[in-house]
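Contents: one structure, followed by commentary.
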Amino acid sequence: MNPVRRTWRPHRRLRRQQAAATAERVGTVGRELQAVAGLCDVLTGQLGAVVEETEVAATTLVERMLMIDSSAGAVAGGISDLVQRADDQLGEARAQAGRSTESLTMLVELVVDFVAGRDAAVLGLVQEVHALNRHSEAIRKIAKATNVLALNAQIEAARAGSAGAGFQVVAEEVQSLSRTSDTAARQIGDGIEELAARLREVLGDGAGTGTTSVSSLRARMDGITQDNRDVHRLFDEALERLHTSASKVDDEASDLAGLTTDVLGAVQFQDITRQMVEQVQQALAGLGKRGTALGQLLDGTAAIDPADAASATASLDALCQGYVMQKQRDVHAATTGSPAPSDGRCSPGRPGPPAPRKEAPAFELF
Amino acid sequence: MHHVLLVDDSKTILMSLRAVLVKAGFGVATAGDGVEALEVLKAGPKPSLIVTDLNMPRLNGIGFIKEARKTNRFVPILMLTTESQQSSRDEGKAAGATGWLVKPVAPEALISVIKQLVPGA
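Quick mapping for you: the protein sequence lines, in order, are chains A and B. Just so we're aligned: 255 in the working numbering is position 255 of the first sequence, and the numbers increase by one with no gaps anywhere. The working numbering runs 366 ahead of the 1-based position in the second sequence.
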């Protein structure tokens, strides 16, 4: 047996074994690569669900904010109406209080005039009553004089003896009459004094001037008028407090309206993230397609399409060219180490120093 | 009342910006892409201003502006888009856009620009 041939056989077997192992590995890689497409489909579907969920959340947020805005507007409107009604009603009450004060002042003047007139009349009566008392005093003086005359008559009658007996009777009657007259005059005087005292009581203090009762009445009426003015002032203060509170509510409603507007503006985030996610979804679709093509190439079930044979770098560049916002380009540049775009366009995905960044304005009128 | 036509393929953008503009006292019509926007323009009434997105299905913002300008030469048209690159702005300007706003735009900034472009708004 040829010794060379004998040693070659084990090498050939080893190579066959190695080739079989390689083919198995290639087959495994090919199947795995083709499975990537399914994985990418799932991920794409999940990202689609994320977009849907954020859209539902964003639209719900907008609806809720509009409801809040509407409620805040209704509250502010209600407060405004309330203040207007309170203004009208308190204003009317204030006007009525004013008219009442005016009427009361006029009434006070009338009553004071009336009472002053009445007091003057009563004072006149008191003076007249006092004048009557002078008449009763005169009667009493006459009664006293008559009594003296009666005494003298009795003395003269006694001197005349039996001839004066008749005269004696007359003198006694005259004396009795003078006593009765004196008593009657005193009683009249007492009655007049009592009447004068009662009239003075009617005037108020018994002084007989009539001024104190009027001033007392005026003081009481002035007190009522002051009470009315106090009510007036309380109305004004209540209105002022109401206006201050309403103004605060109005300011807060205005702040709330501003905040809801800001939130409505902030909801734009959903559109921005949606576009970013859509880019990722497209990239995943391309990745799955490329995995399938490479897998089929490896297991020999299909020849690779030239379009799918593009390099990973070319795929990265294509991805970059599809971006719709600067944020995506910045992330791309930071991740790949490629130069950051200076004019908004993506640079080829090869490493390099960052290019100077020129910020485009967020707002520009042409 | 001044009317604004909002064109965007995002339901969220249409809802939120519509609310912002209505709160500011504008009447608002909406369209989901350039084709629908042209139909809205054709149906009337003529808006005082148009705000349009750039990237939309069927007919994008640039295409819409070119078509809209054939019958609406003087209506201000603002691009409102996530895109900020100068080449796209130049393209928008050449198509007939009046201005360019990058999303997200602050509501008060949007209202301010519209008031600047629409006399009496």
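Where is the CB? At the ideal position from N, CA and C, for every residue including glycine.
Cβ of A/T261 less than 8 Å from any chain B Cβ? To locate residue 261 of chain A, count along the first sequence from 1; it is residue 261. With 8 Å as the cut-off, A/T261 counts as an interface residue toward chain B.
So for B/G398, helix, strand or coil by DSSP? Taking the second sequence and counting its residues from 1, one reaches residue 398 of chain B at position 32. Coil.
Kindly indicate if chain B contains any beta-carbon less than 8 Å away from that of A/I272. By 1-based counting over the first sequence, the position of residue 272 of chain A is 272. It does: the Cβ of A/I272 has a partner Cβ on chain B nearer than 8 Å.
Is there a C-beta anywhere in chain E that falls below 8 Å from the one on A/M67? Going by chain labels, chain E is absent from the structure shown, which instead holds the protein chains A and B.
Alpha-carbon spacing of A/T273 relative to A/V51, whole angstroms: Along the first sequence, read from residue 1 onward, the residue named residue 273 of chain A stands at position 273. Along the first sequence, read from residue 1 onward, the residue named residue 51 of chain A stands at position 51. Going from the Cα of A/T273 to the Cα of A/V51 covers about 8 Å.
Along the beta strand (DSSP E) that carries B/M445, what are the first and last residues, could you check? Position 79 of the second sequence, counted from the first residue, corresponds to residue 445 of chain B. Its beta strand (DSSP E) spans residues 443-447.
Does B/G465 get closer than 8 Å to chain A when you measure Cβ to Cβ? In the second sequence, the residue the question calls residue 465 of chain B occupies position 99. For B/G465, the answer is yes, since a Cβ of chain A falls inside 8 Å of its Cβ.
Give me, in chain order, the residues of the same chain whose beta-carbon lies closer than 8 Å to that of A/H232; leave out the 5 immediate sequence neighbours on both sides. Indexing the first sequence from 1 puts residue 232 of chain A at position 232. Excluding sequence neighbours, A/H232 sits near R94, A97, G98, T101.
Partners in chain A for B/M381, counting only beta-carbon separations shorter than 7 Å: By one-based count along the second sequence, residue 381 of chain B stands at place 15. Neighbours of B/M381 on chain A, chain order: T59, V62.
At least one CB of chain A closer than 8 Å to the CB of B/A385: is that the case? Here the question's residue 385 of chain B lines up with position 19 in the second sequence. B/A385 counts as touching chain A.
By the DSSP assignment, the beta strand (DSSP E) with B/H369 in it spans what residues? Taking the first residue of the second sequence as 1, we reach residue 369 of chain B at position 3. Segment 369-373, the beta strand (DSSP E) holding B/H369.
Keeping to the same chain, check which residues put their C-beta closer than 6 Å to that of A/M221; ignore five residues upstream and five downstream. By 1-based counting over the first sequence, the position of residue 221 of chain A is 221. If we look at A/M221 and ignore the five residues flanking it on each side, its Cβ neighbours are V108.
Kindly list, in the order they appear in chain A, the residues whose Cβ is closer than 9 Å to that of B/R455. Within the second sequence, the letter at position 89 stands for residue 455 of chain B. Going along chain A in sequence order, the residues near B/R455 (Cβ under 9 Å) are G344, A360, E364, F366.
Between the alpha carbons of B/M381 and B/V406, how many angstroms are there, rounded? Here residue 381 of chain B refers to the residue found at position 15 when the second sequence is read from its first residue. Here residue 406 of chain B refers to the residue found at position 40 when the second sequence is read from its first residue. When rounded, the distance between both Cα atoms is 17 Å.
Contact between the segment 226-241 of chain A and the segment 140-154 of chain A: three or more CB pairs below 8 Å? no
Taking Cβ-Cβ distances shorter than 7 Å, what residues in chain B pair up with A/F269? Translated into positions along the first sequence, residue 269 of chain A becomes position 269. Near A/F269 (Cβ distances below 7 Å), the residues of chain B are P470.
Counting only beta-carbon atoms, is A/L319 nearer than 8 Å to chain B? In the first sequence, residue 319 of chain A corresponds to position 319, counting from 1. No - not a single Cβ of chain B is within 8 Å of the one on A/L319.
Straight-line gap, A/Q17 to A/E24 (C-alpha atoms, nearest Å): The sequence position of residue 17 of chain A within the first sequence is 17, counting from 1. The sequence position of residue 24 of chain A within the first sequence is 24, counting from 1. Each residue's alpha carbon lies about 11 Å from the other.
For chain A, check one thing: does any of its Cβ atoms lie closer than 8 Å to the Cβ of B/A475? One-based indexing of the second sequence puts residue 475 of chain B at position 109. Yes, contact with chain A.
Can you tell me which of the three DSSP states A/T261 falls into? Here residue 261 of chain A is taken as the residue at index 261 of the first sequence, counted from 1. Of the three classes helix, strand and coil, the one that applies to A/T261 here is helix, per DSSP.
Looking at the structure shown, is A/T301 part of a helix, part of a strand, or coil, going by DSSP? Along the first sequence, read from residue 1 onward, the residue named residue 301 of chain A stands at position 301. Note: A/T301 maps to coil in three-state DSSP.
Between A/V265 and chain B, is any beta-carbon pair separated by less than 8 Å? Position 265 of the first sequence, counting from 1, holds the residue named residue 265 of chain A. First, the residue type needs correcting, since residue 265 of chain A is Gly and not Val in the sequence shown. So, interface residue.
So, B/R424 versus B/V401, is the Cβ gap smaller than 8 Å? Your numbering for residue 424 of chain B matches position 58 in the second sequence. Your numbering for residue 401 of chain B matches position 35 in the second sequence. Yes; because the gap between Cβ atoms is below 8 Å, this pair is in contact.
Report the residues of the segment 46-57 of chain A with a CB closer than 9 Å to any CB of chain B, ordered along the chain. T54, E55
Going along the chain, which residues of the segment 274-306 of chain A sit with their C-beta nearer than 9 Å to a C-beta in chain B? R274, Q275, M276
For B/A397, I'd like the list of residues in its chain whose CB is within less than 6 Å of its CB, leaving aside the five on either flank, ordered along the chain. Mapped onto the second sequence, residue 397 of chain B falls at position 31. Excluding sequence neighbours, B/A397 sits near V373, A403, V406.
What residues in the segment 427-453 of chain B bring their beta carbon closer than 7 Å to a beta carbon of chain A? T448, E449, S450, Q451, Q452, S453
I'd like to know whether the C-beta of B/P485 is nearer than 8 Å to at least one C-beta of chain A. By 1-based counting over the second sequence, the position of residue 485 of chain B is 119. No, its Cβ sits nowhere closer than 8 Å to a Cβ of chain A.
Short CB-CB distance (under 8 Å) between A/M325 and chain B: Sequence index remark: in the first sequence, residue 325 of chain A carries index 325 (1-based). Yes, its Cβ sits closer than 8 Å to a Cβ of chain B.
By DSSP, does B/V471 sit in helix, in strand, or in coil? The residue labelled residue 471 of chain B in the question sits at position 105 within the second sequence. Of the three classes helix, strand and coil, the one that applies to B/V471 here is coil, per DSSP.
I'd like to know whether the C-beta atoms of B/V417 and B/F392 end up nearer to each other than 8 Å. Against the second sequence, residue 417 of chain B aligns to sequence position 51. Against the second sequence, residue 392 of chain B aligns to sequence position 26. Against a cut-off of 8 Å, the Cβ pair of B/F392 and B/V417 comes out as no contact.
Hey, A/A150 and A/Q168 are a contact pair by Cβ (cut 8 Å); roughly how many whole angstroms apart? Within the first sequence, the letter at position 150 stands for residue 150 of chain A. Within the first sequence, the letter at position 168 stands for residue 168 of chain A. That pair is no contact at about 10 Å.
Could you tell me whether the segment 104-120 of chain A touches the segment 247-255 of chain A, where touching means 3 or more Cβ pairs closer than 8 Å? no
Against B/K481, what residues of chain A qualify as contacts under a CB-to-CB distance less than 9 Å, listed in chain order? Locating residue 481 of chain B in the second sequence gives position 115, counting from the first residue. None at all; the shortest Cβ gap to chain A is about 13 Å.
Name, please, each residue of chain A whose Cβ falls closer than 8 Å to the Cβ of B/T418. For the purposes of this step, residue 418 of chain B is taken as the residue at position 52 of the second sequence. Within chain A, no residue comes near B/T418; the closest Cβ sits about 14 Å away, beyond 8 Å.
Does the pairing of the segment 114-132 of chain A with the segment 184-204 of chain A give three or more beta-carbon distances under 8 Å? yes
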